[in-house]
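Asker: Line order of the protein sequences matches chains V and U.
Add 115 to a position in the first sequence, counting from 1, and you land on the number used in the working numbering.
Add 18 to a position in the second sequence, counting from 1, and you land on the number used in the working numbering.
Every residue gets a Cβ at the ideal spot worked out from N, C-alpha and C, and that includes glycine.
Here the structure is a predicted model, which means the values were calculated and not measured.
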Amino acid sequence: MAYKNYILVCAGTACESNKGKALYEALGKEIASAGIDTEVQLVKTGCFGFCGEGPIVKILPDESFYVKVGPKDAKEIINEHIIKGRKVERLLYKEPGAETASEDIGFYHKQFRIVLRNCAVINPEIIDEYIARDGYGALEKALFDMTPDDVLQEIKDSGLRGRGGAGFPTGTKWGFSKAVKADQKYIVCNADEGDPGAYMDRSVLEGDPHSVLEAMAIAGYTIGADKGFIYIRAEYPLAIDRLNLAIKQAKEYGLLGEKILGTDFSFDIELRLGAGAFVCGEETALLASIEGKRGMPVPRPPFPAVKGLWGKPTVINNVETWANIPVILLKGSKWFSSIGTATSKGTKVFALTGKINNTGLIEVPMGTTLREIIYDIGGGIDSGKPFKAAQTGGPSGGCITPDFLDTPIDYESLQAIGSMMGSGGMIVMDEDDCMIDVTKFYLEFTVDESCGKCAPCRIGGRTCYNILDRISKGQGEMEDLQKLKDLALAMRKASLCGLGQTAPNPVMSTMKYFEEEYLAHINDKKCPAGKCKNLLTYTINDKCVGCTACARVCPVNCIEGEVKKLHVINQATCIKCGQCFTTCKFAAIDRV
Amino acid sequence: MSNNKLTAELISFIEEWKEKPGNLIMVLHRVQAHFGYIPRETAFEVAELLDVPVAKIYGVITFYHLFRLTKPGRNQIAVCMGTACYLKGGEDLILEFERLLGVGINTVTEDGEFSVEAVRCIGCCGLAPVMTVNGEVFGDVKNKDCKKILDQLKGK
């Protein structure tokens, strides 16, 4: 029997940790106590992408989109909406500034969902729901209607390129492994999403785990491998649980394991957990880690496609790349390659975060401009201040400045402006963000994550960081700029793996586009964004009415003054935390 | 401390993984899940059971950030230092906790109650700045919330 209403509740990590779980249980309880469990189905889904507004509840068939829903709202939703048919106005999503809610949500307008096709649609813990959406249809098609060569050709023709960041053509990679003769080959899924501020892969694994399993099996059939590993961050417990469950269900259905669907093809998948090492996103380091060793990279060639896990040919693709595969086989390479730009086909998922109204997970066709992403989808800058830069590619990437807002985003265009596609983190910054501070943050990250095997990365990264640290403290000199450039060049050319080669990218990119900010720190000893603590002084001006709010909030009690009298900051003990500055309602605190 | 001995359950887990290649990291995760860290004597026991040198085990433990060699506080506070959280004030939260607890980062308070660490992106960027307390996520945390959070945990 069909249900009258479906209630979809987001169970992604962000919503679930924001009392989403309690909400789901509360809704279930209300449905049961109203005695309408035969009319309403409650569905736990993957990520809606609109994480800044979570927890999210969507009601079908009328498509009501409720945001920031708490467990205490469950009763009202069931009683008012489901039973009486009256929408709960106060919970409906409204565009910023809009008076009334609209079903037409700007956040989803320019999005095009291939990778996230099933996220927020199906219950990821039930394999039948995936199958009902053509799940495992691509594997069936490959096994019964296509030869391995056909599959390989289809993937090559699609123009799919690796979504982990470097953009290597997927079909070519598979081709290398297929061409090698070996008694054992492996398929590996790189789910070691280490880029800080990016969570695309996690959302796919949590929201649609079977799509990755299916794709890995297809690759196994294509290159002749019967064993796959998913290397996943231990920091993603929910994704690990859902993957384990998905593997178990797929085996029960004969879609993984021995003699899949009655054919001679067998394929098995196991999980291996990471343990917090960014360098393990690099493929040779990742393989070392699966082998149970320290995750240190080795020089390439030989590439893993030829000599990988335990010396055997190994195809490694990232989660997002895998999630594209079943769709390509079902809809055809022609359809897929019609989306995107000349060199970059398909879509890209970005984790849109930072100083933006609509933070969340978005998927757009390649060739979408930054302006469309930030203003149409993202709803603009949340602070209302001017847009300063968007950072893509994380610690390996660079900045996109307002001048390039209309550049169509693809692998080549981003590289041309000194950034990179990266795995999909997109962090939006406004004028309160100091570029030296951000660059220092990334360098601190890469220094900490460098495995230490090669000198350019180990020593070069540390030296760059030290110089940036000096500049941020007002101790920089003009020669430092040239030193940074020289070091960056050496690291790029001489580092062993991608971590060291790309670690100087944030430095090069910010020096190119924000040189005046470097000069202000070095020559004027000022931080224009007001972020570098050593260069700031807080003082109280005569607008002070003596409300004592600043003195009460000061964590080190360095503000003195009586009620209704001008207050004074003791500069010797001030730790420049800025709490007084943000607390003052009278603009009486100057930050220079 | 004799309670650092491997339990029967842990031993059977190790036996089960013993023949699988690349088992060490999975075994260490399981051991740490039980003890909260990897005690020295336990590392020796694991070495014997898996038949690998202790040096190799310590090589792996010290390479990966997630493995600990010392016992964390009874309440583990982890502040996210992903980019989004950093931009929205994650570092200030760490400074505030250090100030309130009187110990530096990655150090346990004298009474063994608390430890604060900075962690890599936990993927709740929409809620930045984010922290977790004993695994429970708190989003959009302000400096003034830190004291409240600690007060709630005290004596619990």
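Is any beta-carbon of chain V found at less than 8 Å from that of Met149/U?
Answerer: no
Asker: Examine chain U for any beta-carbon lying closer than 8 Å to the beta-carbon of Pro441/V, and answer yes or no.
Answerer: no
Asker: Count the other CB atoms, across all protein chains shown, that sit within 10 Å of the CB of Gln686/V; report buried if there are 16 or more and exposed otherwise.
Answerer: exposed
Asker: Between the alpha carbons of Glu154/V and Lys187/V, how many angstroms are there, rounded?
Answerer: 22 Å
Asker: Should Leu171/U be flagged as near chain V, meaning a C-beta pair shorter than 8 Å?
Answerer: Taking Cβ atoms only, chain V never reaches closer than 8 Å to Leu171/U, which makes this a no.
Asker: If we count the other Cβ atoms within 10 Å of its Cβ and call it buried at 16 or more, is Gln50/U buried or exposed?
Answerer: buried
Asker: Buried or exposed: which applies to Thr688/V, given that a residue is buried once 16 or more other Cβ atoms fall within 10 Å of its Cβ?
Answerer: exposed
Asker: State the DSSP-derived secondary structure class of Ile443/V, mapped to helix, strand or coil.
Answerer: If DSSP states are grouped into helix, strand and coil, Ile443/V belongs with the helices.
Asker: Residue ranges of each alpha helix (DSSP H) run of no fewer than 4 residues wholly in the stretch 22 to 107 of chain U, ordered along the chain?
Answerer: Counting only runs of 4 or more, we get 26 to 35, 42 to 53, 58 to 68, 72 to 81, 101 to 105.
Asker: Quick check: what's the CA-CA separation for Met19/U versus Ile167/U?
Answerer: For Met19/U, the predicted structure reports a pLDDT of 49, less than 50, and the residue's modelled location is therefore unreliable. The matter cannot be settled from this model.
Asker: Check Tyr251/V in the structure and name its three-state DSSP category.
Answerer: coil
Asker: Any chance the stretch 294 to 313 of chain V sits against the stretch 80 to 92 of chain U, with 3 or more Cβ pairs inside 8 Å?
Answerer: no
Asker: Taking Leu467/V and Met411/V to be in contact with their CB atoms under 8 Å, please state how far apart those CB atoms are, rounded to whole angstroms.
Answerer: Contact doesn't hold; Cβ gap of about 33 Å is too wide.
Asker: Can you tell me whether Arg348/V is buried or exposed, with buried defined as 16 or more other CB within 10 angstroms of its CB?
Answerer: buried
Asker: From Gly475/V to Ile229/V, what does the alpha carbon distance come to, in whole angstroms?
Answerer: 17 Å
Asker: In chain V, what lies closer than 9 Å to Glu114/U by C-beta?
Answerer: Chain-order list of chain V residues neighbouring Glu114/U: Pro670, Cys692, by C-beta distance under 9 Å.
Asker: Given that a residue counts as buried once 16 or more other Cβ atoms are within 10 Å of its Cβ, and exposed if not, what is Asn21/U?
Answerer: exposed
Asker: Any beta carbon of chain U sitting closer than 8 Å to that of Arg317/V?
Answerer: yes
Asker: Any Cβ of chain U within less than 8 Å of the Cβ of Gly540/V?
Answerer: Taking Cβ atoms only, chain U reaches closer than 8 Å to Gly540/V, which makes this a yes.
Asker: With a threshold of 8 Å between beta carbons, is Val155/U in contact with chain V?
Answerer: yes
Asker: Could you say which of Ala330/V, Gly423/V, Ala703/V lies nearest to Lys256/V if we only look at CA atoms?
Answerer: Ala330/V
Asker: Name, in chain order, the residues that DSSP records as bridge partners for Gln506/V.
Answerer: Cys514/V, Ile542/V
Asker: According to DSSP, what are the bridge partners of Gly464/V?
Answerer: Sequence check: residue 464/V is Val here, not Gly. Paired residues: Glu478/V.
Asker: Quick one: what does DSSP say Ile471/V is sitting in, helix, strand or coil?
Answerer: strand
Asker: As an exercise, report each continuous beta strand (DSSP E) stretch of at least 3 residues that is fully enclosed by the stretch 391 to 435 of chain V, in chain order.
Answerer: Listed in chain order, they are 429 to 433.
Asker: Name the chain C residues whose beta carbon is nearer than 9 Å to that of Asp548/V?
Answerer: Of the protein chains in this structure, namely V and U, none is chain C.
Asker: Rounded to the nearest angstrom, what separates Asp110/U and Ile690/V at their Cα positions?
Answerer: 11 Å
Asker: I want to see whether chain V comes within less than 8 Å of Leu178/U, judged by CB atoms only; does it?
Answerer: As shown, chain U starts at 19 and ends at 174. That puts residue 178/U outside it, with no answer to give.
Asker: Whole angstroms is fine: what's the gap from Arg607/V's alpha carbon to Pro571/V's?
Answerer: The straight-line gap separating the alpha-carbon atoms of Arg607/V and Pro571/V is approximately 8 Å.
Asker: Would you list, in chain order, the members of the stretch 70 to 89 of chain U that have their beta-carbon closer than 7 Å to a beta-carbon of chain V?
Answerer: Gly77, Val78, Phe81, Tyr82, His83, Leu84, Phe85
Asker: Cβ of Ile489/V within 8 Å of Cβ of Gly495/V?
Answerer: yes
Asker: With distances taken from CA atoms, which of Arg278/V, Glu675/V, Val622/V, Ala332/V is nearest Leu604/V?
Answerer: Val622/V
Asker: How do the stretch 457 to 467 of chain V and the stretch 208 to 222 of chain V stand: do at least 3 beta-carbon pairs fall below 8 Å, yes or no?
Answerer: no
Asker: Report all residues from its chain with a CB closer than 8 Å to the CB of Arg387/V; omit the five preceding and five following residues, and keep chain order.
Answerer: Phe344, Ile345, Tyr346, Ile347, Ser404, Ile405
Asker: Hey, Glu630/V and Ser448/V: beta-carbon distance below 8 Å or not?
Answerer: no
Asker: Any beta-carbon of chain U closer than 8 Å to the one on Thr522/V?
Answerer: no
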